[in-house]
Amino acid sequence: MPEGIRKEIESLMETFWWVSRIGERKLHWMSTPLSRSKIEDKLIWKWEKNGEYSMKSSYYQLLTLNDSKNDGSSNPNLASLWKDLVNVCIRNLLWRFGQNILPLRSKLLNQGVQFDPSCPFCFEFPETLDHVFLHCSFAKMVWFRSPLGLRIMPDIDPLVWLEKSLSSKDTYGIQPFCTILWNF
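Using the working numbering, you'd call the opening residue of the sequence shown number 380 and step up by one each time.
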């Protein structure tokens, strides 16, 4: 069991205790931390510096939320990609890559999973999206020696790189690109 989950379970068990007699299977409070402050509670709108709700901030928050949920299907350059150019598994990988939600070691470490966050190819740097697919010496070699012969620019953003690579009009280049990405 991951260390982070184990600690959270232990913390919950310290706060509560369980009655195991038949008919009494329920959660009991052992202690409830209460504020000793004399200040009254109030609602805070976390998307405003002053904590006050406004229609304007709500509107902008909804726009931001909609932008973050954009799956790339509204991008005309990527529209054909989502239909029939690549299989479902690769589409899922591309979507996760585009949303920056791939389960890379550095992300898992931040979520409490305990293991070495080093790149599995070079063991020199943490396994991050940009490192493992672009800046790792192994990744650079793979992209350069591929039929695409790609040279990776040092400061390129991985999401910009992905969109630029997939927006090519040459569908024969997109398929090998996706296959190489999948095989990482």
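Built from N, CA and C at the ideal position, the CB exists for glycine as well.
- Annotated three-state conformation of residue 555 is helix, per DSSP.
- With fewer than 16 other CB atoms across the displayed protein chains lying within 10 angstroms of its CB, residue 467 is exposed.
- Here residue 535 really is in contact with residue 513; their C-beta atoms are around 7 Å apart, less than 8 Å.
- Between residue 472 and residue 540, the C-beta gap is not smaller than 9 Å, which leaves the two residues out of contact.
- Listed in chain order, the non-local C-beta contacts of residue 537 below 7 Å within the same chain comprise 508, 509, 512, 513, local neighbours out to five positions each way being set aside.
- Counting of Cβ neighbours within 10 angstroms places residue 556 among the buried residues, the total reaching 16 or more.
- Here residue 553 is buried: its Cβ has 16 or more other Cβ atoms, across all protein chains shown, within 10 Å.
- Between residue 424 and the set 418, 417, 436, the nearest pair of CA atoms involves 436.
- Burial is judged here by how many other beta carbons sit within 10 angstroms of a residue's own beta carbon; residue 442 has fewer than 16 and is exposed.
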